[in-house]
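Protein chains: 2
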Amino acid sequence: MTNMKDIAKIAGVSSATVSRVINNNGYVSHITRQKVETAVEKLDYVPNSQAISLKKGATKTIGIIAPNITETITVLVKNFTLAAQKKGYTVILYLTENDPKKELSALELLRSKQLDGIFLIIRSNDWATIESYTKYGPIVTWQRVKSSCILSVFIDQYDGYLLGLEYLYAKGCRNIINLYSDIRRLNTKSRIKAYEYFCEKYDLTPHSPEQFNDINSIQDGERIAHWLAEQKIKPDAFMTSSDAVAAGLVSQAKRLGFSLPEDFSVIGFDNIEISHLLDITTIDYSIHKQAENAFKMINNDLTLQKLTPEELAFTLIVRKTTK
Amino acid sequence: MTNMKDIAKIAGVSSATVSRVINNNGYVSHITRQKVETAVEKLDYVPNSQAISLKKGATKTIGIIAPNITETITVLVKNFTLAAQKKGYTVILYLTENDPKKELSALELLRSKQLDGIFLIIRSNDWATIESYTKYGPIVTWQRVKSSCILSVFIDQYDGYLLGLEYLYAKGCRNIINLYSDIRRLNTKSRIKAYEYFCEKYDLTPHSPEQFNDINSIQDGERIAHWLAEQKIKPDAFMTSSDAVAAGLVSQAKRLGFSLPEDFSVIGFDNIEISHLLDITTIDYSIHKQAENAFKMINNDLTLQKLTPEELAFTLIVRKTTK
DNA sequence: TTGTAGGCGTTATCAC
DNA sequence: GTGATAACGCCTACAA
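For the protein sequence lines, the chains are A and B, in the order given.
In short: position in the first sequence from 1, add 29, done, that's this note's numbering.
In short: position in the second sequence from 1, add 29, done, that's this note's numbering.
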């Protein structure tokens, strides 16, 4: 492979001068610049990025770590990547499949200097383990976490969740079931709180969170539809933790002969494509902006140039699964 | 950052020996190995990957290039990434947004040695330009291409397409419209051929390909639904180029009051999640295996250890948008 | 304005 | 078995 020395030789200058021309830094006379440039042209030369990274101690590469690629995660990956590319970063994608060991390998990339920073969308290891890696570079997460060194782009979902609950109440629903993703998560805890507050406000009896825990996928949503079909006393609404769950529930319910919103209402969460396609009422909280903010946080940690984060807000998108 | 020299000093050996221990190569006495290992432990040392890449002239990194992340591309990205990780590769994701310049930047990563190979899912530049990069490393594409140096995981879609056509005919459809993605593509040309053969076989008059060209997204599918509503003489079936198009068409048609398959039939292509959710009859051609094959091809080019590709086949998945 | 030389952290080829 | 030492290709003081 052709390198600086080759260029230097052809152009009749030293490699230091070549470097100056390439990087536009330091004084170079017009004539030498020209000579170097033609040599570069002639030999079809590009600098070796390994060498640059080694020298500079930075790779301009950020890692995205996620268990898998759901539609919601796609939105995050896409917008984060685009934002990063715009600033000259390159993005690696690391899929952990919820295996803590694989996540560790990904974190090791930060330690071994292959990555300048990490966007850890959903973690597999405990926070303490992850925290220990922040000394090698910035780590930002999509989850909610109490930590002084791991940054987060979360928004407290209390308000958003309540928005949905109140809407259901206004439309006459009194027996609402909450489909939670993981009751150990801080975000879920916020939702539970919102639900409890809601029940107290309207004097309703809440169901226990444990009853509908760990409901995350399209398939989980479909299972809920089957469960519903077997119930004597049916609820009149479902609040879900994601559009994926809502999609599974709605589509399977229709297959089983239910009509929405006549038989019951459903509200999703995320406002991704699928909710549009299936006309599911959902709560938007600008995931794409969260992704951009995640990049901005990492960028701000890595460089002097500070980017200001986007304002985030909840919006209820009313479609056809609510009255 | 702590490096080999530090370890060498602590362990009282040379850095050459440290290297031998780390890489398990060459003779090292049990006692020195021990000393080195405790030093590594003590200083919490990891080798710097830039230095290794520079020395070895390879990064163990493969790039995935795509215009954006659709659901189909997600399947490719996911399975390619998983396969690559399994073999110790790391994957970078580069989104071009159909901008040839951005694609060029991505290809430059191969030239500048940041990437060992590339999976170019969908290209933006002409093949000749892309071909010129194959001298820097293997390039595999998902598209169909006639080239001696760009590899491809395509399968000729003639058979798959005919499968759908024949099924529609068997169910009584005689006025079928084909929604093509891009009539300049070789794959589309195969579909057109299948359609022409089909029409001849059953003595039907084919419509011109230009009439329904460039139909790719959910939104495009929705537009077709509106178009359909305005037609006096309506077709009785649609063959689409992707589940995304089919999904847009089906969901919008339902909103406009059509019922499927009574009013007309639709067959998708890809068999991704959305077609399951919307009960769309579709043609499966194992995209996930194609992704694995793409990785295997790159791997086989890069290493001695050869992986054997998966067999691919078309299957018609009958659901509720056909009789 | 340009050149020299040292170093970034490894690996690999020699000697010993 | 182990240790110098020379690359890998680039950047950057420091000199000139």
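From the three backbone atoms N, C-alpha and C, an ideal C-beta is built for every residue, glycine too.
Being a predicted model, the structure only gives us computed values, none of them experimental.
Would you mind sorting residue i into buried or exposed? The rule is 16 or more other CB atoms within 10 Å of its CB.
{"i": "Met-3 (chain A)", "result": "Absent from the structure is residue 3 (chain A), since the part of chain A shown begins at 30 and ends at 352."}
{"i": "Ile-60 (chain A)", "result": "exposed"}
{"i": "Asn-328 (chain A)", "result": "buried"}
{"i": "Cys-178 (chain A)", "result": "exposed"}
{"i": "Gly-92 (chain A)", "result": "buried"}
{"i": "Asp-292 (chain B)", "result": "exposed"}
{"i": "Gln-29 (chain B)", "result": "No answer is possible for residue 29 (chain B): the residues shown for chain B start at 30 and end at 352."}
{"i": "Arg-140 (chain B)", "result": "buried"}
{"i": "Glu-259 (chain A)", "result": "exposed"}
{"i": "Val-251 (chain A)", "result": "Looking at the sequence provided, one finds Glu at residue 251 (chain A) rather than Val. Result: buried."}
{"i": "Leu-333 (chain A)", "result": "exposed"}
{"i": "Met-326 (chain A)", "result": "buried"}
{"i": "Arg-101 (chain A)", "result": "With the sequence shown as reference, residue 101 (chain A) is identified as Thr, and Arg is not the correct amino acid for it. With 16 or more Cβ atoms within 10 Å of its Cβ, Thr-101 (chain A) is classed as buried."}
{"i": "Tyr-196 (chain A)", "result": "buried"}
{"i": "Ser-43 (chain A)", "result": "exposed"}
{"i": "Ile-145 (chain A)", "result": "Strictly speaking, residue 145 (chain A) in this sequence is Asp, with Ile absent from that position. Buried."}
Can you check whether the C-beta of residue i is within less than 8 Å of a C-beta belonging to chain B?
{"i": "Val-106 (chain A)", "result": "yes"}
{"i": "Ile-28 (chain A)", "result": "As shown, chain A starts at 30 and ends at 352. That puts residue 28 (chain A) outside it, with no answer to give."}
{"i": "Ala-320 (chain A)", "result": "no"}
{"i": "Ile-312 (chain A)", "result": "no"}
{"i": "Lys-71 (chain A)", "result": "no"}
{"i": "Leu-163 (chain A)", "result": "One point to set straight first is that residue 163 (chain A) is Thr, not Leu, in the sequence displayed. No - not a single Cβ of chain B is within 8 Å of the one on Thr-163 (chain A)."}
{"i": "Pro-76 (chain A)", "result": "yes"}
{"i": "Lys-142 (chain A)", "result": "yes"}
{"i": "Asn-97 (chain A)", "result": "yes"}
{"i": "Val-47 (chain A)", "result": "no"}
{"i": "Gln-79 (chain A)", "result": "yes"}
{"i": "Ser-280 (chain A)", "result": "yes"}
{"i": "Ala-276 (chain A)", "result": "yes"}
{"i": "Val-120 (chain A)", "result": "yes"}
{"i": "Leu-257 (chain A)", "result": "no"}
{"i": "Thr-88 (chain A)", "result": "yes"}
Quick check on this structure: which residue in the options has the alpha carbon closest to the alpha carbon of residue i?
{"i": "Asn-216 (chain B)", "options": "B:Phe-241, B:Trp-171 and B:Arg-203", "result": "B:Trp-171"}
{"i": "Val-73 (chain B)", "options": "A:Thr-31, A:Ser-161 and A:Trp-156", "result": "Just to set this straight, residue 73 (chain B) is Asp in the shown sequence, not Val. Among A:Thr-31, A:Ser-161 and A:Trp-156, the Cα nearest to that of Asp-73 (chain B) is on A:Ser-161."}
{"i": "Asp-128 (chain A)", "options": "A:Ile-147, A:Glu-100, A:Tyr-118 and A:Ala-95", "result": "A:Ala-95"}
{"i": "Ala-273 (chain B)", "options": "B:Gly-55, B:Ser-246, B:Glu-251 and B:Pro-264", "result": "B:Ser-246"}
{"i": "Ala-199 (chain B)", "options": "B:Ser-294, B:Lys-131, B:Leu-278 and B:Leu-289", "result": "B:Ser-294"}
{"i": "Thr-344 (chain B)", "options": "B:Asn-32, B:Arg-140, B:Leu-192 and B:Ala-254", "result": "B:Leu-192"}
{"i": "Glu-126 (chain B)", "options": "B:Val-106, B:Ser-270, B:Arg-152 and B:Phe-148", "result": "B:Arg-152"}
{"i": "Leu-122 (chain B)", "options": "A:Lys-116, A:Lys-131, A:Lys-107 and A:Lys-115", "result": "A:Lys-107"}
{"i": "Ala-320 (chain A)", "options": "A:Thr-310, A:Leu-180, A:Leu-83 and A:Ser-78", "result": "A:Leu-180"}
{"i": "Arg-348 (chain B)", "options": "B:Ile-296, B:Leu-341 and B:Asn-154", "result": "B:Ile-296"}
{"i": "Asn-32 (chain B)", "options": "B:Thr-46, B:Ala-45, B:Asn-77 and B:Glu-66", "result": "B:Asn-77"}
{"i": "Asp-232 (chain A)", "options": "A:Arg-173, A:Arg-203, A:Thr-99 and A:Lys-115", "result": "A:Arg-203"}
{"i": "Ala-266 (chain A)", "options": "A:Asp-330, A:Leu-306, A:Gly-201 and A:Gly-86", "result": "A:Gly-201"}
{"i": "Val-65 (chain B)", "options": "B:Val-47, B:Ile-81, B:Leu-306 and B:Ile-150", "result": "B:Val-47"}
{"i": "Ile-244 (chain B)", "options": "B:Glu-229, B:Thr-350, B:Ala-275 and B:Leu-257", "result": "B:Ala-275"}
{"i": "Val-174 (chain B)", "options": "B:Ser-270, B:Leu-306, B:Leu-149 and B:Lys-131", "result": "B:Leu-149"}
{"i": "Asp-330 (chain B)", "options": "B:Ile-39, B:Gly-117, B:Ala-45 and B:Thr-163", "result": "B:Thr-163"}
Does any CB atom of chain A fall closer than 8 Å to the CB of residue i?
{"i": "Lys-325 (chain B)", "result": "no"}
{"i": "Thr-158 (chain B)", "result": "no"}
{"i": "Glu-132 (chain B)", "result": "no"}
{"i": "Leu-208 (chain B)", "result": "no"}
{"i": "Glu-137 (chain B)", "result": "yes"}
{"i": "Ser-82 (chain B)", "result": "yes"}
{"i": "Gln-361 (chain B)", "result": "The structure shown does not extend to residue 361 (chain B), since chain B spans only 30 to 352, so no value can be given for it."}
{"i": "Gln-248 (chain B)", "result": "no"}
{"i": "Asn-114 (chain B)", "result": "It is worth fixing the name first, because residue 114 (chain B) is Gln in this sequence and not Asn. Yes, because at least one Cβ of chain A sits closer than 8 Å to the Cβ of Gln-114 (chain B)."}
{"i": "Leu-111 (chain B)", "result": "yes"}
Using a threshold of 7 Å, is the CB atom of residue i nearer than that to any non-hydrogen atom of the ligand SAM?
{"i": "Val-174 (chain A)", "result": "You won't find the ligand SAM in this model; it holds no ligand whatsoever."}
contact_flag[the region 131 to 142 of chain A, the region 106 to 113 of chain A] where n(CB pairs < 8 Å) is 3 or more: no
Please give me, in chain order, every unbroken run of the alpha helix (DSSP H) with length at least 4 that falls completely inside the region 52 to 98 of chain A. Counting only runs of 4 or more, we get 59 to 72 and 78 to 85.
Can you list, in chain order, the stretches of the beta strand (DSSP E) that have 3 or more residues and sit fully within the region 270 to 338 of chain B? 294 to 296 and 311 to 313
Pairing CB atoms from the region 270 to 287 of chain B with CB atoms from the region 314 to 321 of chain B, are three or more of them under 8 Å? no
Taking contact to mean 3 or more Cβ pairs, one atom from each stretch, closer than 8 Å, check whether the region 183 to 194 of chain A and the region 221 to 230 of chain A are in contact. yes
Enumerate, from N- to C-terminal direction, the unbroken alpha helix (DSSP H) stretches of 4 or more residues contained entirely within the region 117 to 153 of chain A. 129 to 140
Should the region 201 to 213 of chain A be regarded as contacting the region 232 to 250 of chain A, the criterion being three or more beta carbon pairs within less than 8 Å? yes
Which runs of the alpha helix (DSSP H), 4 residues or longer, sit entirely within the region 201 to 247 of chain B? 215 to 231
Three or more C-beta pairs under 8 Å: does that hold for the region 45 to 59 of chain B against the region 328 to 342 of chain A? no
Whole alpha helix (DSSP H) elements within the region 154 to 206 of chain A, 4-residue minimum: 156 to 160 and 187 to 199
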